[in-house]
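Q: Below are the structure tokens for one structure; questions will follow.
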């Protein structure tokens, strides 16, 4: 290796993934590969299969002073949130557990207790997994599930003119919500049917990073109404914009029928706000998606827990 | 945490997994959960879905002086070997990549080059994945695929009286085979149809550990014919027995029709031996499966690369 070669910190996560996936060939059974919240593959006539993998790393996504059952809960909940973003239903999970040999079994039992509880809540089977030695604790969850073939949602079909909405409130998740958030699974399926969004995704790395991702995937620019962004109590816009780990849904819908959509939403989910925060606009207007990059980057040198 | 609590090194991998999976509830769609090479879940009338996850950890499963394309190759090949053990076909893979920010992009590109090449060879789509920061490099592969619902194989239906066979030769994989082994996918499907084994699995942790696992899962004891175990060139029986990472198939078949099976095997796979190495016997005879434990344990204090 020469010292001139780029490092992960220099290239960043999104570019890395694009670089690595270059040259990956997919056959006709793959409807959507890397780049969405879940991969979509052909299964039966009425249903597609959704596939997703997601990892939690000690001292990156959690610390060892976190109650272990909440670590387990979070590991599963993050993936459920990805299925929510597709309008789908998670069904079967596999758990990869890397841990130092010196770790206490009781701690891992606690993690599994948290996983079992949330899996039961969302009707997910933990069908297997694997354990291995490692320097620090790492949990990787892979999940499969289903989505009606007629109503699956990507993040890439947003149109200029769409209004952009979010569920819930954003910001300050480090104070606790990042461990206890409620994946918007029912809401995701409801929106897939009733809002018929052009694009939807969950906000995991922060609106600052995820809204540009949605716009970039959709080939549009975007406008954000700073005053409209629903902030969690005690949070500033900057926190709502950049903190990440909100696990709310971000969607782009045709503005026609918006009023009726918001009314029906309030009837269906009276406790959870659904808020217009901006819109997608044609390239040349608004913010270009590649200029904004202040959310969480897994490899950035400045990213710290 | 008290200092009295057991550690992973003390409890060992198999017991840990049993302890963690205790209390995991599965619904009727799960045909086989944790404990086999792949999980088996209901899909269509004629086909089940197979699910598997598997991790490679730096300095446990490989070192950084390994050519990166071989690391990528091994990560995929190990999972293909698990599908082989079920008589199934892998279809879609997801890659979780944990790496230190200081790692060079070129090294990861090399890993992906190796993964893409073997994925293409076996008709597997790399449909997505995830990247995260970590202290050391870790690759976790999850894969889904299919198996005919009539011919899927577990490791738990071996019967006392079955003969035990292995494909290929065992031992000394650390000299290179652990990176370059050929998953016995075609052979696994052939055996599922022509040998109709009662039980089959791949040898990843060593015959010493995997043969007792097959017997334990099947509720039998076993006998091993030391002189019959096919050793790789330059290897002793001890190496063939304990080294691990052979990725050959281990199967238990009804002794009736054995001669004909061996003849048809030689016609189908003239270059690869299929060898009788022992048999399953009723409890009370032969070796009890829980007494033998000299293979690789991922958490054992004595386990070193």
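Residue numbers (this note's numbering), protein chains in the order written: chain X, 196 to 500; chain L, 196 to 500.
Glycine residues also receive a C-beta, built at the ideal position from the N, C-alpha and C atoms.
Only a predicted model underlies this, so the values are computations on that prediction, with no experimental measurement involved.
According to DSSP, what are the bridge partners of residue 231(L)?
A: DSSP lists 229(L) as partners of residue 231(L).
Q: At least one CB of chain L closer than 7 Å to the CB of residue 313(X): is that the case?
A: No, residue 313(X) does not count as interfacial toward chain L.
Q: Identify, in the order they occur along the chain, each residue of the same chain with its Cβ nearer than 8 Å to the Cβ of residue 425(L), setting aside the five sequence neighbours on each side.
A: Closer than 8 Å at Cβ, skipping near neighbours: 361, 363, 364, 365, 435, 468, 470 and 472.
Q: Run through the DSSP bridge pairs and tell me what residue 285(X) is partnered with.
A: According to DSSP, residue 285(X) bridges with 340(X).
Q: DSSP beta-bridge partners for residue 470(X)?
A: Note: residue 470(X) sits in a beta bridge opposite 361(X).
Q: Could you have a look at residue 309(L) and say whether DSSP puts it in helix, strand or coil?
A: The answer is helix: DSSP assigns residue 309(L) an H, G or I state.
Q: Can you find at least 3 beta carbon pairs, one from the segment 404–424 of chain X and one from the segment 338–353 of chain X, that sit closer than 8 Å?
A: The segment 404–424 of chain X vs the segment 338–353 of chain X: in contact.
Q: Starting from the Cα of residue 192(X), find the closest Cα among 428(X), 409(X) and 222(X) and give me that residue.
A: Nothing can be reported for residue 192(X): it is not among the residues displayed for chain X, which extend from 196 to 500.
Q: Can you name, in chain order, every residue of its own chain whose Cβ lies under 8 Å from the Cβ of residue 268(X), other than the five neighbours on each side?
A: Excluding positions up to five away in sequence, the list reads 309, 310, 312, 313, 374 and 375.
Q: Alpha carbon to alpha carbon, how far is residue 255(L) from residue 215(X)?
A: Straight-line Cα distance between these residues: approximately 24 Å.
Q: Are the C-beta of residue 234(X) and some C-beta of chain L separated by less than 7 Å?
A: With 7 Å as the cut-off, residue 234(X) counts as an interface residue toward chain L.
Q: Taking 8 Å as the cut-off, does the segment 225–232 of chain X touch the segment 327–339 of chain L (at least 3 CB pairs, one atom from each stretch)?
A: Because the criterion of three Cβ pairs below 8 Å is not met, the segment 327–339 of chain L and the segment 225–232 of chain X do not touch.
Q: When you compare the CB of residue 268(X) with every CB in chain L, is at least one pair closer than 7 Å?
A: Answer no: the Cβ-Cβ gap between residue 268(X) and chain L never drops below 7 Å.
Q: Is the segment 202–217 of chain X in contact with the segment 240–253 of chain X, if contact means three or more CB pairs nearer than 8 Å?
A: Touching, no, given that fewer than three Cβ pairs across the two stretches are closer than 8 Å.
Q: Could you give the DSSP three-state label for residue 238(X): helix, strand or coil?
A: Correct three-state label for residue 238(X): coil.
Q: Could you name the residues of the same chain whose beta carbon sits closer than 7 Å to that of residue 307(X), not counting the 5 residues immediately before and after it, in chain order?
A: Taken in chain order, the residues that qualify are 267.
Q: Using the Cα positions of residue 485(X) and residue 258(L), report the straight-line distance between them to the nearest angstrom.
A: About 36 Å.
Q: For the beta strand (DSSP E) holding residue 325(L), just list the boundary residues, first then last.
A: Run containing residue 325(L): 320–328, per the beta strand (DSSP E) assignment.
Q: With distances taken Cα to Cα, identify the nearest neighbour of residue 173(L) among 370(L), 295(L) and 291(L).
A: Missing from the structure shown is residue 173(L); chain L here goes from 196 to 500 and no further.
Q: Taking 7 Å as the CB-CB cut-off, is residue 408(X) touching chain L?
A: No, residue 408(X) does not count as interfacial toward chain L.
Q: Buried or exposed: which applies to residue 286(L), given that a residue is buried once 16 or more other Cβ atoms fall within 10 Å of its Cβ?
A: Buried, since its Cβ has 16 or more Cβ neighbours within 10 Å.
Q: Round the Cβ separation of residue 584(X) and residue 316(L) to the nearest angstrom and send it over; I've been treating them as touching at under 8 Å.
A: A query on residue 584(X) cannot be resolved here, the shown segment of chain X reaching from 196 to 500 and no further.
Q: For the segment 219–249 of chain X, which residues have a beta carbon sitting closer than 9 Å to at least one beta carbon of chain L?
A: So the list reads 219, 220, 221, 222, 224, 225, 227, 228, 229, 230, 231, 233, 234, 235, 236, 238, 239, 244, 246, 247, 248 and 249, given in the order they occur along the chain.
Q: Can you tell me the Cα-Cα spacing of residue 205(X) and residue 335(L), whole angstroms?
A: The straight-line gap from Cα to Cα measures roughly 23 Å.
Q: Identify each residue in the segment 287–301 of chain X for which the Cβ-Cβ distance to at least one residue of chain L is less than 7 Å, and report them in chain order.
A: Per Cβ criterion, the list reads 287, 289, 291, 293, 294, 296, 297, 298, 299, 300 and 301.
Q: Between the Cα of residue 476(L) and those of 454(L), 447(L) and 460(L), spot the shortest distance and give me the residue it belongs to.
A: Of the candidates 454(L), 447(L) and 460(L), the one whose C-alpha sits nearest the C-alpha of residue 476(L) is 447(L).
Q: Between residue 215(X) and chain C, is the shortest Cβ-Cβ distance under 7 Å, so that the two count as touching?
A: Included in the structure are the protein chains X and L, with no chain C among them.
Q: Expressed to the nearest angstrom, what Euclidean distance is found between the alpha-carbon atoms of residue 319(X) and residue 340(X)?
A: Rounded to the nearest angstrom, the two C-alpha atoms are 9 Å apart.
Q: Along chain L, which residues have their Cβ under 9 Å away from the Cβ of residue 369(X)?
A: By Cβ distance, chain L contributes nothing, its closest Cβ being about 17 Å from residue 369(X), past 9 Å.
Q: Give the interface partners of residue 258(X) over in chain L, defined as CB-CB distance under 8 Å, in chain order.
A: Near residue 258(X) there are no residues of chain L at all, since even the closest Cβ is about 14 Å away, more than 8 Å.
Q: Between residue 432(L) and residue 295(X), what straight-line distance do the alpha-carbon atoms span, to the nearest angstrom?
A: Taking the straight line joining both Cα atoms gives about 31 Å.
Q: So what's residue 197(L) in DSSP terms, helix, strand or just coil?
A: The pLDDT assigned to residue 197(L) is 43, lower than 50, so where the model puts this residue is not dependable; a value taken from the coordinates is nonetheless given after this. Coil.
Q: Quick one: Cα of residue 338(X) to Cα of residue 429(L), how far?
A: Between residue 338(X) and residue 429(L), the C-alpha separation is close to 43 Å.
Q: Between the alpha carbons of residue 449(X) and residue 392(X), how many angstroms are there, rounded?
A: Approximately 7 Å between the Cα atoms of the pair.
Q: Tell me which residues share the same chain as residue 480(X) and place their Cβ nearer than 6 Å to its Cβ, disregarding the 5 neighbours each side in the sequence.
A: 416.
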